[in-house]
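S.K.: So that we are looking at the same thing, I have put the structure below in structure tokens.
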DNA sequence: CAGTTATTTAACTGTTTGGTTTTATACGCC
DNA sequence: GGCGTATAAAACCAAACAGTTAAATAACTG
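Residue numbers (the UniProt record's numbering), protein chains in the order written: chain A, 1 to 117; chain B, 1 to 117.
Following this line, the structure appears as structure tokens:
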């Protein structure tokens, strides 16, 4: 059941530690131990988080002597942005307008999703 | 370990079935059975997915006789958009520019993330 | 080569997740 | 009240997840 790119990206982003790591990396490349420092968590735990981020394509790992520096790669976030864009009108439309619209639709048990906007 | 809003939103979005449900709901309110139809999956399974989406605030559930119609609520997506916005410059900046920048930073083992851009 | 440092892998554990089937609830209808 | 339909809840299960500690790997250093 091959999970697609968005699956990996979204689930990588679903963890606060990983988002914090990304925030940290937004300030610049760092080593694993340094990334681990702010979290009360073992090294291997952070290492695993990094692997998840790497699988999602959100970080790139280098080789600097015994360090494997991590750097942010925001390209996948662009994909997220594109996916989100699809729903933009739904949060831009005022709430009341939306609810009103929904009431209309639900009264005639619409099934093929004909969109009367 | 109370998961925060973004945790719930991102993990709700991390499943393809749930994203498909949202896409479906973007076309209009529907019943649970109708939502379930396109997926080869039991009713209760869909019901659980809906609960996840509801917990993330992405859907609103109504009461219409024995139906519990679902409708999209995109407000949480706005939060995601706002979070993403934080990283915008990273995907807008050309890749080469980013890597170049990272090399600079990593050569002086920067730890406090002083951002020289 | 032996020692130190940085990081990963392995093995294990408890919890969450995504699915199942079976049972319960809620409502409308006769 | 009893039946059919729509949905949720319960109980269960296997796989994935997030963490742990201990051992392995890789690179520099003396």
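For glycine and all other residues, C-beta sits at the position ideal for the given N, C-alpha and C.
(1) Would you say residue 39 (chain A) lies against chain B (beta-carbon separation less than 7 Å)?
(2) DSSP three-state call for residue 64 (chain A): helix, strand or coil?
(3) Given this structure, state the Cα-to-Cα distance separating residue 61 (chain A) from residue 69 (chain A), to the nearest angstrom.
(4) Which runs of the alpha helix (DSSP H), 4 residues or longer, sit entirely within the UniProt domain "HTH arsR-type" (1-92) of chain B?
(5) So, using beta-carbon positions, are residue 58 (chain B) and residue 12 (chain B) closer together than 7 Å?
(6) With a threshold of 7 Å between beta-carbons, can residue 82 (chain A) be considered close to chain B, or not?
(7) Rounding to the nearest angstrom, what Cα-Cα distance links residue 30 (chain B) and residue 30 (chain A) in this structure?
(8) If you draw a straight line from the alpha carbon of residue 44 (chain A) to that of residue 4 (chain B), how long is it in whole angstroms?
(9) By the 10 Å Cβ neighbour count, where 16 or more other Cβ atoms means buried, how is residue 56 (chain B) classified, buried or exposed?
(10) So residue 72 (chain A) contacts chain B; which residues on that side make the cut at Cβ distance below 7 Å?
(11) When the Cα atoms are used, what is the spatial distance from residue 37 (chain B) to residue 83 (chain A)?
(12) Can you tell me which of A:27, A:47, A:64 and A:74 puts its alpha carbon nearest to the alpha carbon of residue 33 (chain A)?
(13) Can the beta-carbon of residue 91 (chain A) be found less than 7 Å from the beta-carbon of residue 20 (chain B)?
(14) Going by beta-carbon coordinates alone, are residue 14 (chain A) and residue 15 (chain B) separated by less than 7 Å?
(15) Looking at the C-beta of residue 53 (chain B), does it have a partner C-beta in chain A at a distance below 7 Å?
M.R.: Taking the definition as stated:
(1) Taking the first residue of the first chain as position 1, residue 39 (chain A) is located at position 39. With 7 Å as the cut-off, residue 39 (chain A) does not count as an interface residue toward chain B.
(2) Your numbering for residue 64 (chain A) matches position 64 in the first chain. Looking at residue 64 (chain A) - three-state DSSP - the assignment turns out to be strand.
(3) Reading the first chain from its first residue, position 61 is the one you call residue 61 (chain A). Reading the first chain from its first residue, position 69 is the one you call residue 69 (chain A). Residue 61 (chain A) and residue 69 (chain A): Cα-Cα distance of roughly 6 Å.
(4) 5-13, 16-25, 32-36, 43-55, 75-85 and 88-92
(5) As a position in the second chain, residue 58 (chain B) is number 58, starting the count at 1. As a position in the second chain, residue 12 (chain B) is number 12, starting the count at 1. The criterion of a C-beta distance shorter than 7 Å is satisfied by residue 58 (chain B) and residue 12 (chain B).
(6) Here residue 82 (chain A) corresponds to residue number 82 of the first chain, with the count starting at 1. Chain B, which has no Cβ nearer than 7 Å to the Cβ of residue 82 (chain A), makes this no.
(7) Position 30 of the second chain, counted from the start, is the residue given in the question as residue 30 (chain B). Position 30 of the first chain, counted from the start, is the residue given in the question as residue 30 (chain A). Distance between the alpha carbons of residue 30 (chain B) and residue 30 (chain A) is about 48 Å.
(8) Residue 44 (chain A) sits at position 44 when you count from the first residue of the first chain. Residue 4 (chain B) sits at position 4 when you count from the first residue of the second chain. Using only the alpha carbons, I get a separation of about 24 Å.
(9) Walking along the second chain from the start, residue 56 (chain B) turns up at place 56. Counting Cβ neighbours within 10 Å, residue 56 (chain B) comes out buried, since at least 16 surround it.
(10) Walking along the first chain from the start, residue 72 (chain A) turns up at place 72. The contact set of residue 72 (chain A) on chain B, defined by CB atoms closer than 7 Å, consists of 90 in chain order.
(11) The residue you call residue 37 (chain B) lines up with position 37 of the second chain. The residue you call residue 83 (chain A) lines up with position 83 of the first chain. Distance between the alpha carbons of residue 37 (chain B) and residue 83 (chain A): 24 Å.
(12) The residue you call residue 33 (chain A) lines up with position 33 of the first chain. Here the closest residue by C-alpha is A:47.
(13) What you label residue 91 (chain A) is simply residue 91 of the first chain in a count that begins at 1. What you label residue 20 (chain B) is simply residue 20 of the second chain in a count that begins at 1. No; because the gap between Cβ atoms is not below 7 Å, this pair is not in contact.
(14) Counting from one through the first chain, the residue named residue 14 (chain A) turns up at place 14. Counting from one through the second chain, the residue named residue 15 (chain B) turns up at place 15. No, the Cβ-Cβ distance between residue 14 (chain A) and residue 15 (chain B) is not below 7 Å.
(15) Translated into positions along the second chain, residue 53 (chain B) becomes position 53. Chain A contact via Cβ: absent.
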